[in-house]
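S.K.: Below is a structure I'd like to ask you about.
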Amino acid sequence: FINLQAQFKERKVQKTYLALAHGKIEPETGEINVAVGRLPWNRKRFGVLSGGRESVTQYKVLSVFSFQLSANGQSVSSSSVLADRKPANRNLKTENREPITEYLSLVELYPKSGRTHQIRVHLQYIHHPIFADPLYAGRKTSRQDRKLLPRVFLHAYPRINQILNIESPLPEELQKFLSSLSS
9 FINLQAQFKE
19 RKVQKTYLAL
29 AHGKIEPETG
39 EINVAVGRLP
49 WNRKRFGVLS
59 GGRESVTQYK
69 VLSVFSFQLS
79 ANGQSVSSSS
89 VLADRKPANR
99 NLKTENREPI
109 TEYLSLVELY
119 PKSGRTHQIR
129 VHLQYIHHPI
139 FADPLYAGRK
149 TSRQDRKLLP
159 RVFLHAYPRI
169 NQILNIESPL
179 PEELQKFLSS
189 LSS
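The working numbering runs 8 ahead of the 1-based position in the sequence shown.
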């Protein structure tokens, strides 16, 4: 156990996560390198702060799901799970508007530092919060997301390339949700 702790401390353990994020993340591969710290005005949340600790997350987009909504929130073409979703911009007048295309990106993430909420903060920073994240996706978006999926779509997802490989398969409810997006 002490040896394993030392490996984490010395950054010898590579961690990989899988997340479903709002929007179409571009470029498809990249690195987010901004300092993260606890927000002084809300001790439960973290954010990008000039006095925060260095944090680096690399990412790769694996898949992008798209769906269309009419301006009044009715599904035009999408998977059945997203049929009742409202458009992200609710301030638009609804008459005579073109359907709105919204996107979700399935992303593999590789944190190079291990800050609390690092991945969640980094994705929010690039304006692609994690699906159903109650702290970082915004109240309205999170509330809508959580009607479809009651948990944050973020999962530890190790790759096989180490002597010791610990795997954590994608939970059934997350796999079902992904499958419903493809149908």
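In this text, a Cβ means the ideal position worked out from N, Cα and C, and glycines have one as well.
Would a C-beta distance cut-off of 8 Å place Val129 and Gly59 closer than the cut-off?
M.R.: Counting from one through the sequence shown, the residue named residue 129 turns up at place 121. Counting from one through the sequence shown, the residue named residue 59 turns up at place 51. No, the pair does not count as a contact, with Cβ atoms beyond the cut-off.
S.K.: Grab the span of the alpha helix (DSSP H) containing Leu157 for me, first residue to last.
M.R.: What you label residue 157 is simply residue 149 of the sequence shown in a count that begins at 1. Counting along the chain, Leu157 falls outside any alpha helix (DSSP H), and DSSP gives it neither H nor E.
S.K.: Compare the C-alpha of Gly31 against each of Gln183, Ser113 and Phe185 and name the closest.
M.R.: Along the sequence shown, one-based indexing puts residue 31 at 23. Answer by Cα proximity: Ser113.
S.K.: What does the alpha-carbon distance come out to for the pair Ala164 and Ala27?
M.R.: The sequence position of residue 164 within the sequence shown is 156, counting from 1. The sequence position of residue 27 within the sequence shown is 19, counting from 1. Their Cα atoms are separated by approximately 9 Å.
S.K.: Determine whether the beta carbon atoms of Glu62 and Ser121 lie at a separation below 8 Å.
M.R.: Here the question's residue 62 lines up with position 54 in the sequence shown. Here the question's residue 121 lines up with position 113 in the sequence shown. Yes.
S.K.: Please list, in chain order, all residues of the same chain as Arg53 whose beta carbon is under 6 Å from its beta carbon, the five residues on each side excluded.
M.R.: One-based indexing of the sequence shown puts residue 53 at position 45. Excluding positions up to five away in sequence, the list reads Leu47 and Leu143.
S.K.: Buried or exposed: which applies to Phe161, given that a residue is buried once 16 or more other Cβ atoms fall within 10 Å of its Cβ?
M.R.: Against the sequence shown, residue 161 aligns to sequence position 153. Classified as buried, Phe161 has 16 or more neighbouring CB atoms from the shown chains inside 10 Å of its CB.
S.K.: For Pro208 versus Ala145, is the C-beta spacing smaller than 8 Å?
M.R.: The structure shown does not extend to residue 208, since the chain is modelled only from 9 through 191, so no value can be given for it.
S.K.: So what does DSSP say about His30, is it helix, strand or coil?
M.R.: As a first step, residue 30 must be located in the sequence shown, where it is residue number 22. Correct three-state label for His30: strand.
S.K.: Under DSSP, the alpha helix (DSSP H) around Val115 begins and ends at which residues?
M.R.: As a first step, residue 115 is located in the sequence shown; it is residue number 107 there, counting from the start. Per DSSP, Val115 belongs to no alpha helix (DSSP H); it is in the beta strand (DSSP E), Ile108 to Pro119.
S.K.: Of the residues Lys68, Arg123 and Pro179, which one's Cα is nearest the Cα of Phe16?
M.R.: Position 8 of the sequence shown, counted from the first residue, corresponds to residue 16. Comparing Cα-Cα distances from Phe16 to each of Lys68, Arg123 and Pro179, the minimum goes to Arg123.
S.K.: In its own chain, which residues sit with a C-beta less than 6 Å from the C-beta of Arg154, not counting the 5 before and 5 after it?
M.R.: Along the sequence shown, read from residue 1 onward, the residue named residue 154 stands at position 146. Residues Ala140 of the same chain have their beta carbon placed closer than 6 Å to that of Arg154, with the five preceding and five following residues left out of the count.
S.K.: Go to Arg128, then tell me how far its alpha helix (DSSP H) extends in each direction, as first and last residue.
M.R.: Counting from 1 along the sequence shown, the entry for residue 128 is found at position 120. Run containing Arg128: Gln126 to Tyr133, per the alpha helix (DSSP H) assignment.
S.K.: Could you give the residue range of the alpha helix (DSSP H) that holds Lys184?
M.R.: Within the sequence shown, the letter at position 176 stands for residue 184. Glu180 to Ser190 is the span of the alpha helix (DSSP H), which, as asked, contains Lys184.
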